[in-house]
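Report on the structure given below.
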Amino acid sequence: MIKNKKVLKTENLIAKKKLREIRLQKEMTTTEVAKLIGLERRQYELKEKGRYPFHDYEMKILSQNFNTEIKDLFF
1 MIKNKKVLKT ENLIAKKKLR EIRLQKEMTT TEVAKLIGLE RRQYELKEKG
51 RYPFHDYEMK ILSQNFNTEI KDLFF
């Protein structure tokens, strides 16, 4: 069964919730995390909310800094 765009978007937004939860557990602001991956705060917030996708290198940097697997943050 092929999933429609709305279903896929909802599933992918759940992954962003994991990222936000881990960021808050580490007591980091969106500005701090944005600096880690070379973005402005607003750009990072839009990605965390699921409006824009993360690049591979951004996922790698975040997983290393949060000491977790990429799949645990994004998939």
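Here the sequence shown stands for residues 1 to 75, where the numbers follow the UniProt record's numbering.
Note that CB positions come from ideal geometry on N, CA and C, so glycine has one too.
Keep in mind the model is a prediction, meaning the values are calculated, not measured.
Excluding five sequence neighbours on each side, which residues of the same chain lie with their C-beta closer than 8 Å to the C-beta of residue i?
i          : result
residue 18 : 72, 73, 74
In this structure, how does DSSP classify residue i when only helix, strand and coil are distinguished?
i          : result
residue 57 : helix
residue 19 : helix
residue 37 : coil
residue 48 : helix
residue 4  : coil
residue 71 : helix
How about residue i and residue j: do their beta carbons lie closer than 8 Å?
i          : j          : result
residue 65 : residue 46 : no
residue 43 : residue 34 : yes
Spatial neighbours of residue i within its chain, please: CB distance less than 6 Å, with the 5 preceding and 5 following residues excluded, ordered by chain position.
i          : result
residue 54 : 47
residue 41 : 30, 31, 34
Excluding the five sequence neighbours on either side, which residues of its own chain have a C-beta within less than 7 Å of the C-beta of residue i, listed in chain order?
i          : result
residue 58 : 37
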